[in-house]
Every structure is written in C-alpha cells, then in structure tokens.
Amino acid sequence: MSAAPLLEVDGLRMHFFTKAGVVKAVDDVSFRVDRGQILGLVGESGSGKSMTGYSILGLVDPPGRIVEGRIVFDGTDLTRLDPAGWRAIRGNRIAMIFQDPMMTLNPVLRIDTQIVEAVLAHADVSRESALARAREALVRVGIASPDERLRAYPHQFSGGMRQRVAIAIALVNGPDLIIADEPTTALDVTIQGQILFEMQKLCRESGTALVWITHDLSVIAGLADEVCVMYAGRLVESGPVADVLERPLHPYSRGLIDSVPSRNERGRPLHQIPGMTPSLLSLGPGCPFRERCDSANGACRESPAITEPQPGRRLRCYHPAA
Amino acid sequence: MLAYAIRRLGQSLFVLLLMSALVFIGVYAIGDPVELLVNPMADEAERLRAAAALGLDRPLLEQYWSFLQGAASGDLGKSFVFNVPALSLILSKLPATMELAFVAMVIAIAIGIPLGLVAGLKPDSFIGRTIMAGSILGFSLPTFWVGLVLVMIFSVHLGWLPSNGRGATVLVAGIPVSFLTADGLAHLAMPAFNLALFKLSLLVRLTRAGAREAVLQDYVKFARAKGLTQSRVIGVHVLKNILIPIVTVIGLELGSVIAFAIVTESIFAWPGTGKLLIDSINQLDRPVIVAYLLVIVTLFIVINFVVDVLYSLLDPRVRLGGASAAH
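Listed below in structure tokens is the structure:
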C-alpha cells in the first residue's frame, strides 16, 4: 500500500440533530481507499453506510451535519471546503451512483441534457464536444445505438439501462473515486451480474477507486479488495475481503456471513441474528451489538475501542472469535 | 396530433351547443325582457309589437333554432338594449378585460413562483414562514375588500394612483392597449394587483408544495452529486418537474380571471366585459348573455388546449393522441 491513500476517512462522525434528539448516524468511522482499489462497505439498513457515502460527497441535508473527523481526499480535507469547493469535486473527481435507477434520472429531461450538464459543470468545453463525451460514455457502459439513446427520455429505458446511464454519468468526467450506493439492489439478478462485471472492468481499466456500499456480502466477496463492516453507525470490523469473510472476528460479521444462504447447507434452517438493529436515537454507551450478541458480558457496557489484532485487520470488540 | 385536434374540436362544438341551450332556457325562465324594455305605460298592443320585433313572441324552440341558424353563420343576435350585434358589443369590451387579466396573471406568476420556491426550499426559515403567512392573507381576504383598501390607501390617502377607469390607450395590431402608456399603467396597477392577489397566493402554495416534494427526490440528490450549481439544480431539475401542476392551474385560472373579473371591474369601474355582463343580466339582454358565455366557453376550450400542448412539451411521458413510447 502506498503512503498517501486516495481517500482517508478519519474518525468521521455525522449526526442528525432532530427534535426528538441527536441521531448518531455515523459514529467514529475510519477507513482508507487507495487508487484503483475497491472497498466494500457492508451493513444492514440503518447502519450508516449510505450516510457515510453522502458525507464523503457533502450531500448530507440538514438537520444532518458532520460534527467531527476528517475526509482527506488526495491531500485535501473535504470537511473544510466551502460549497463551491465541494461542487468542484462532486461529479468531477468523486462521483456517486444511487440505489434506485428509476428515481435517479430526472424524468422530464432528455438523457443528453443530463449527461452534458455533468460535463459542462466541470469542463470549459463546447456543447458539441460535451455531447461527444456523453456519447462516448454511453458506448463505454455498453449502450447500443447511443445517438438515438441520447435523445430519449428516462421512461423509455428499462431499469438496468437506466443504471447504465447513471454509471455513464458518473464516469463521464473520469473521476478518481466512485461511491456506489447499492447500485444493483433494485435490479434483476442477471442484470445485477452484468452491471457488477462492467463496473469492475471499467474501474480496472481507468484506475478508478470504488467504494461499494451494500448489504449483500456475496456481491462484496467477488468484487472488493477490502471490506468494512458497519453496525449502528460504527465501524465494527475491517480488513482484506478474503480474510474477513473466511475468518470474521466480530460476532456481528460472523452473524452476517452465517445468514447468507449457501449450497452446502441445503435443507437446514437459515441462521439469523436474534433481535433487531437498535434505534440510533436511544443508543446509550457501550457496544450497540451487545443485546444481540452471544459473547456479550459486563465489559460490553463500555464502548470497545478499535484494536488491530492482526496486521491489516481492525476490530471493535472485546470478544473476538478465535 | 391531427386526429387529436379534430377530436378535441368535435368535443368543443358539443360543449358550445349544450352551453348555448342551457343559457337560452335559463334566461327564458328568469323573466320577460319585454317588461323591462318597453315603457311601463305602454298598452298591450305596443308590448306585442315590441315582442314581435325582438322575435320573442315565437315558441322557445323556434327562437333557439333561429339562434342556431344565425350562430352557424357567426351571427349571435342583436342586443335587445343597444340594438347592435351582441358579439361585436362583447368584442369591443374584451381587450380591456383581457389586458387586465393578462397583467394580473403576469404579476401572479412573476411574484408567486419565486416566492413559492423560496418558501419551499427554506420552509423553516423566517422568510419562508413570512411568505406562507402572507399567502394565507391573500387567500382569505375578500377581493372587493382588498380593492377598497387599495383605493383608500393609494388614491385617497397617498393620491398616487387614479381610483377608477382605464387610462390612455394606444393601438397595437388594431387592439387598444393601455399598458404601454404611463397613464394606462397608473390606471392598471391597482385593479391588476387586486385581481392577481388570490392567484398569486394560490401559485405560492402550489409552488411551495411541489418544491418541498421535489427536493426530496433522488434525481435532485443525483443532480447535486454531479456537481451542478444550486441555481441549475433548482431552476432546471426542480422547476421543470413542478411546472406541470403549475401550468394547469395557471391555465384554468387565466380563464376564470377573464370570465369573472366582475368584482374587480366593478370596484375600479374598469370598462370590460364583466361590467357588461352584469348590466346585461339586470336587463335580461339575452343575446348578450348568451354571446358572452359562448365567448368565455370558447376561451376556456382554447386555454385548455394550449395547456394540453404545454403538458406534452413539459413532460415527455405525456404524448398527445394516446400513443406512448415503447418501454
């Protein structure tokens, strides 16, 4: 690993200040992404993984606010940027792809308008050359007859095609990093596979780093280099993807992995983690997983700190699995 | 598109026919215009002569039939009172009303949509709350009362603006308009604002509701994630999506502003069709009432057609004629 990572998130805390109280949506999350690397960010709904993604792009809406931590991207701390500085980074050096392709494209604007505006927001080029780049981006994501497609509206596309368009928009300015927030969750399994394959190929080709946010461990297994597991806004475990999936240290990671149906357990009831994700609003001190954890004891009433049990592995637990 | 236009035209003619029949029968039922037209001292023979001269001695169906025959050739009858063709009487008053209505709508749109956007984007700010409170006032204060207060303040106390009538006009393409002269503008300002106030409040609320909903959509977040400027996100991505209900309401309200500017025209003695209609109803001047309503119905039909065409321009998912794009 090189000394200067592309993205370094350090002790990030992003809280929502609601009338009912403070929701600690992201609570002390740290990770790094090197150039061309693929990082998987895994967790259940409400674990703060999407909010971590939004924080990196400065897209958190009030009452949410980054209260602590640094997001250092290529030597610049993004949390110190003014709105214009954020805007120059967004869609240019860091792009984002969202979960539901049916909702991310503006229904009343043509595809060419939506790609060209992304080009023109960052490059001082003519409309014609912006259009040429848009066309090129569509070809790259595997859209046939791009000239015709450019003049179409989103409702004339299927879900998978829309997601390809969204990926084309993300790629059009040649970003260093793409944050993908469950981009395949809303798609058919066959399309899911295609999109995954394309994304991996495109990122390898262009050296683009990827933060892939998902709840689907099987996606991460084939895609990512590193994985971070999040629970209740906190990072509970991270490390190289093969190590974490094979020998999970945190009880929650182990529960997640055991919950994935697999062929050799055919006929047996699926494993499930007992209980539910705690409400972030009423979360007290201590390990947020202790209510659902088999190994929990009195010590878990106090929040465990991040430890490094093995080189490259980080963990937030008093009772790592042997 | 052509088939669509032809079908719309057929529907429109049917609506006009139905409308004319209803008004014809309605006015017939209210009373006998002869009673109002002839001298109260006149004898029976004179009444009959007057009725015969106006064609009122014939059975209702026969009267309606001859009206339809005239209407087919563009003749909607002569005013009982003024003895001039009803249609030209209305058309002579229409420019004043149209001008008042259009200026009122321009005021409502130019002020209402921006204020609504501000209130929708910053719903909890002081300015957002102030705009909403103001729109409630604009909604609930009666038009005639606001008109009177405007006259009290700007004409009586301050003496800035004339309280009634239409100002100097100039001819533009053969139509007299007053908004191009200083005197005309001074006369126009109060009645137009008075007429605009309700529509303005309506547009503020509509725009605000649309904007509040739109900013939560993923496509807005995605647009921001592209690094677009705030003005492009709001001005293009949000505004174009919320414009569809706004255009509908503007269309409908434009029609109603033209048709029912009666209160404002009465307060400011604006020489338009609203005042003409009231006078005609009082005198049971049936040809004028029928002709007025037919003109208004035609106006609504035209406006609705324009709104439909605008829809298809604003929303690609709407295609006139029912043919939709393949998925």
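Taken in order, these protein sequences are the chains called A and B.
In terms of numbering that gives the first Met the number 0, the first sequence is residues 0 to 321.
In terms of numbering that gives the first Met the number 0, the second sequence is residues 0 to 326.
Where a beta carbon is used, it is the ideal one built from N, C-alpha and C, also for glycine.
All of these numbers come straight from a predicted model, not from anything done at the bench.
- What is the DSSP secondary structure of aspartate 31 (chain B), reduced to helix, strand or coil? Reduced to three states, the DSSP call for aspartate 31 (chain B) is coil.
- Item | Backbone secondary structure at glutamate 301 (chain A) - three-state DSSP | Coil at glutamate 301 (chain A), not helix or strand.
- Measure the C-alpha to C-alpha separation of valine 203 (chain B) and arginine 34 (chain A) and round it to an integer number of angstroms. Rounded to the nearest whole angstrom, the C-alpha separation of valine 203 (chain B) and arginine 34 (chain A) is 49 Å.
- Message: For threonine 306 (chain A), which residues in the same chain have their Cβ closer than 6 Å to its Cβ, ignoring the five residues on either side in sequence?
- Response: In its chain, beyond the 5 residues on either side, Leu314 have a beta carbon closer than 6 Å to the beta carbon of threonine 306 (chain A).
- Classify alanine 325 (chain B) as helix, strand or coil using the three-state DSSP reduction. A caution first: alanine 325 (chain B) carries a pLDDT of 38, below 50, which makes its placement in the model too unreliable to give a value.
- Query: Taking only beta-carbon atoms, is threonine 103 (chain A) less than 8 Å away from chain B?
  - Reply: It does: the Cβ of threonine 103 (chain A) has a partner Cβ on chain B nearer than 8 Å.
- List the residues of chain B whose Cβ lies closer than 9 Å to the Cβ of aspartate 99 (chain A), in chain order. Ordered by position in chain B, the residues that pass the 9 Å Cβ test against aspartate 99 (chain A) are Asp217.
- Message: Pairs of beta-carbons, one from the stretch 239 to 255 of chain B and one from the stretch 175 to 195 of chain B, closer than 8 Å: are there three or more?
- Response: No, the stretch 239 to 255 of chain B is not in contact with the stretch 175 to 195 of chain B.
- Message: Just to make sure I have the definition right: I need the residues of chain B whose C-beta is within less than 7 Å of the C-beta of isoleucine 168 (chain A). Which are they?
- Response: By Cβ distance, chain B contributes Lys225.
- Query: So what's glycine 127 (chain B) in DSSP terms, helix, strand or just coil?
  - Reply: Helix at glycine 127 (chain B).
- Hey, could you find the ends of the alpha helix (DSSP H) glycine 322 (chain A) is sitting in? With chain A covering only 0 through 321, there is no way to say anything about residue 322 (chain A).
- Message: Measuring only the C-alpha atoms, how far is arginine 86 (chain A) from alanine 222 (chain B)?
- Response: Our two residues, arginine 86 (chain A) and alanine 222 (chain B), have alpha carbons roughly 11 Å apart in a direct line.
- Message: Just to confirm the assignment: which complete alpha helix (DSSP H) runs, minimum length 4, are found wholly within the stretch 213 to 289 of chain B?
- Response: Entirely contained in the stretch 213 to 289 of chain B, the alpha helix (DSSP H) runs reaching 4 residues are, in chain order, 217 to 224, 238 to 258, 261 to 266 and 272 to 281.
- Query: Can you tell me whether DSSP reads lysine 23 (chain A) as helix, strand or coil?
  - Reply: DSSP places lysine 23 (chain A) in strand when its eight states are reduced to three.
- Query: Does glycine 90 (chain A) have its Cβ less than 8 Å from a Cβ in chain D?
  - Reply: Going by chain labels, chain D is absent from the structure shown, which instead holds the protein chains A and B.
- To which residues of the same chain is threonine 142 (chain B) closer than 7 Å at the C-beta, ignoring the five residues directly before and after it? Here threonine 142 (chain B) has Asn193, Phe197, Val262 and Thr263 as same chain residues with Cβ atoms under 7 Å from its own Cβ, once five neighbours each way along the sequence are excluded.
- Query: For aspartate 175 (chain A), is the classification buried or exposed, using 16 other Cβ atoms within 10 angstroms of its Cβ as the cut-off for buried?
  - Reply: By the neighbour-count criterion, in which 16 or more other beta carbons inside 10 Å mark a residue as buried, aspartate 175 (chain A) falls on the buried side.
- Item | Meets three-Cβ-pair contact criterion under 8 Å: the stretch 70 to 77 of chain A and the stretch 149 to 156 of chain A | Three or more beta-carbon pairs separated by less than 8 Å are not found between the stretch 70 to 77 of chain A and the stretch 149 to 156 of chain A, which leaves the two stretches without contact.
- Query: How would you call asparagine 38 (chain B), buried or exposed, if buried means at least 16 neighbouring beta carbons within 10 angstroms?
  - Reply: Label assigned to asparagine 38 (chain B): exposed.
- Excluding sequence positions up to five away, which residues of its chain have a Cβ less than 6 Å from the Cβ of glycine 238 (chain A)? Excluding the 5 residues flanking it on each side, glycine 238 (chain A) has same chain C-beta neighbours closer than 6 Å at Gly311 and Arg312, in chain order.
- Task: Starting from the C-beta of phenylalanine 15 (chain A), find all residues in its chain whose C-beta is less than 6 Å away, skip the five residues before and the five after it, and write them out in chain order.
- Result: The beta carbon of phenylalanine 15 (chain A) lies closer than 6 Å to those of Val22, Ala24, Pro62 and Gly63 in the same chain, with the five residues before and after it left out.
- Any C-beta of chain A sitting closer than 8 Å to the C-beta of arginine 231 (chain B)? Yes, arginine 231 (chain B) lies at the interface with chain A (some Cβ there is under 8 Å from its Cβ).
- Query: Taking one C-beta from the stretch 139 to 154 of chain B and one from the stretch 231 to 238 of chain B each time, how about it: are there three or more such pairs within less than 8 Å?
  - Reply: Counting C-beta pairs with one atom in each stretch, the stretch 139 to 154 of chain B and the stretch 231 to 238 of chain B have fewer than three that are closer than 8 Å, which means they do not touch.
- Message: Nearest by alpha-carbon distance to proline 122 (chain B): which of B:Ser265, B:Arg211, B:Val150 and B:Leu187 is it?
- Response: Of the listed residues, the one whose Cα sits closest to proline 122 (chain B) is B:Arg211.
- glutamate 127 (chain A) classed as buried or exposed, judged by whether at least 16 other C-beta atoms fall within 10 angstroms: Classified as exposed, glutamate 127 (chain A) has fewer than 16 neighbouring CB atoms from the shown chains inside 10 Å of its CB.
- Message: Can you tell me whether tryptophan 211 (chain A) is helix, strand or coil according to DSSP?
- Response: Three-state result, tryptophan 211 (chain A): strand.
- Message: Taking the alpha carbon of leucine 199 (chain B) as the reference point, which residue from B:Ala51, B:Asp74, B:Val256 and B:Leu55 has its own alpha carbon closest?
- Response: Leucine 199 (chain B) has its Cα closest to that of B:Val256, out of B:Ala51, B:Asp74, B:Val256 and B:Leu55.
- Identify, in the order they occur along the chain, each residue of the same chain with its Cβ nearer than 7 Å to the Cβ of alanine 133 (chain A), setting aside the five sequence neighbours on each side. Counting only Cβ-Cβ distances below 7 Å, and skipping sequence neighbours, we find Asp111, Ile114, Val115, Val118, Leu149 and Val171.
- Query: Counting only beta-carbon atoms, is phenylalanine 125 (chain B) nearer than 8 Å to chain A?
  - Reply: Contact of phenylalanine 125 (chain B) with chain A is not assigned, every C-beta pair being separated by 8 Å or more.
- Task: Specify the secondary structure class of cysteine 202 (chain A) as computed by DSSP and reduced to three states.
- Result: In the structure shown, cysteine 202 (chain A) sits in a helix (DSSP, three-state: H, G or I).
- Query: Along chain A, in chain order, which residues have C-beta atoms closer than 8 Å to that of threonine 228 (chain B)?
  - Reply: Going along chain A in sequence order, the residues near threonine 228 (chain B) (Cβ under 8 Å) are Arg86 and Ala120.
- Item | Three-state secondary structure (DSSP) of valine 124 (chain A) | In the three-state reduction of the DSSP assignment, valine 124 (chain A) falls in the coil class, being assigned neither a helical nor a strand state.
- Task: Taking the CB atoms as reference points, tell me whether valine 117 (chain B) and glycine 133 (chain B) lie closer together than 8 Å.
- Result: No. Outside cutoff.
- Message: Checking 8 Å against the spacing of the C-beta atoms, do arginine 31 (chain A) and leucine 56 (chain A) come in under that value?
- Response: Their beta carbons are not under 8 Å apart, which means arginine 31 (chain A) does not touch leucine 56 (chain A) by this criterion.
- Query: Taking a cut of 7 Å between CB atoms, which residues from the stretch 301 to 321 of chain B lie near chain A?
  - Reply: Cβ proximity to chain A below 7 Å picks out Leu313, Asp314, Pro315 and Arg316 from the stretch 301 to 321 of chain B.
- Might you give, ordered along the chain, the residues of its own chain that have their beta carbon closer than 8 Å to the beta carbon of proline 84 (chain B), omitting 5 neighbours on each side? Taken in chain order, the residues that qualify are Asp74, Leu75, Gly76, Lys77 and Ser78.
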